[in-house]
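For the sequence shown, this note's numbering begins at 50 and goes up steadily by one. For glycine and all other residues, C-beta sits at the position ideal for the given N, C-alpha and C.
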Amino acid sequence: MFGKYFWVFLISMVPIIELRGAIPVAVGMGLPLVPSYVVSIIGNMLPVPIIYLFARKVLIWGSDKRYIGKFFSWCLEKGEHGGQKLQAKAGKGLFIALMLFVGIPLPGTGAWTGTLAASLLDMDFKSSILAVMLGVLIAGVIMGVASTGVFGALGSVLGG
């Protein structure tokens with residue numbers, strides 16, 4: 050059982066996949082939803098302060114390097130594009146916009162991208178982390194409901 054939760058934890062830390070992929074995997078493995086939700090949130094949030102404090106510096110440093118430059122530049126562009134979209138839509142409501150950006154589980158809108166965007170927009174650390182955390186909680190609820198609904202329906206169809 051611990052091994053399954055460990056996989057859920059690791060999956061929730063992976064960029065792009067994050068909690069949005071970890072919760073359906075947990076449900077698919079037959080793990081209880083609430084502990085899986087908690088493990089996914091912890092795993093998804095663990096990299097967030099590191100991303101906020103260091104990602105921009107590392108990406109700028111690596112953007113002109115020979116082998117990693119294209120990828121680092123792509124990450125910077127993605128973060129800047131996400132930040133500009135947030136800024137344009139939000140105006141003074143940037144906290145709410147960041148929370149919703151992270152909370153609505155669409156491809157490329159997770160904690161990694163949201164945190165990088167907040168860093169590139171020079172949002173303060175505390176507000177950024179709180180907005181991302183609330184967004185992760187919202188995304189977790191949405192994914193939990195969606196996952197249990199989909200797997201419950203599949204179980205009914207296949208089992209009955």
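Go ahead and pull the three-state DSSP assignment for residue i.
i      : result
Leu95  : coil
Leu164 : One detail in the question is off: residue 164 reads as Thr in this sequence, not Leu. In this structure, Thr164 counts as helix in the three-state DSSP scheme.
Leu155 : coil
Tyr54  : helix
Met172 : coil
Arg115 : coil
Leu80  : coil
Lys127 : helix
Gly140 : coil
Val63  : coil
Please report how far the alpha carbon of residue i lies from the alpha carbon of residue j, in whole angstroms.
i      : j      : result
Leu102 : Val88  : 23 angstroms
Ile91  : Phe58  : 7 angstroms
Gly77  : Gly70  : 11 angstroms
Arg105 : Asp173 : 14 angstroms
Arg115 : Ser168 : 25 angstroms
Phe121 : Val194 : 35 angstroms
Met50  : Ala75  : 11 angstroms
Trp56  : His130 : 31 angstroms
Trp123 : Pro84  : 35 angstroms
Return yes when the Cβ of residue j is within less than 8 angstroms of the Cβ of residue i, no when it is not.
i      : j      : result
Met182 : Met62  : no
Ile29  : Thr164 : Residue coverage of the chain in this structure runs from 50 to 209, which leaves residue 29 outside it and unanswerable.
Leu68  : Met192 : yes
Ile65  : Gly157 : yes
Phe47  : Gly189 : In the structure as shown, the chain begins at 50 and stops at 209. Residue 47 is therefore absent and cannot be evaluated.
Gly118 : Gly111 : yes
Ser196 : Ile72  : yes
Tell me which residues share the same chain as residue i and place their Cβ nearer than 7 angstroms to its Cβ, disregarding the 5 neighbours each side in the sequence.
i      : result
Val97  : Ala160, Thr164, Ile178, Val181
Pro154 : Arg69, Ala188, Ile191, Met192
Leu82  : Val76, Gly193, Thr197
Give me, in chain order, the residues of the same chain whose beta-carbon lies closer than 8 angstroms to that of residue i; leave out the 5 immediate sequence neighbours on both sides.
i      : result
Leu170 : Gly132, Leu135, Gln136, Leu143
Lys141 : none
Lys53  : Ala75, Met78, Leu80
Just to confirm my understanding: we take residue i, look at its own chain, exclude 5 residues before and 5 after, and list those with CB closer than 6 angstroms. What are they?
i      : result
Ile187 : Gly152
Met148 : Ala180, Leu183, Gly184
Is residue i near the ligand HEM, with its Cβ less than 7 angstroms from a heavy atom?
i      : result
Leu155 : As for the ligand HEM, it is missing from this structure, which has no ligand bound.
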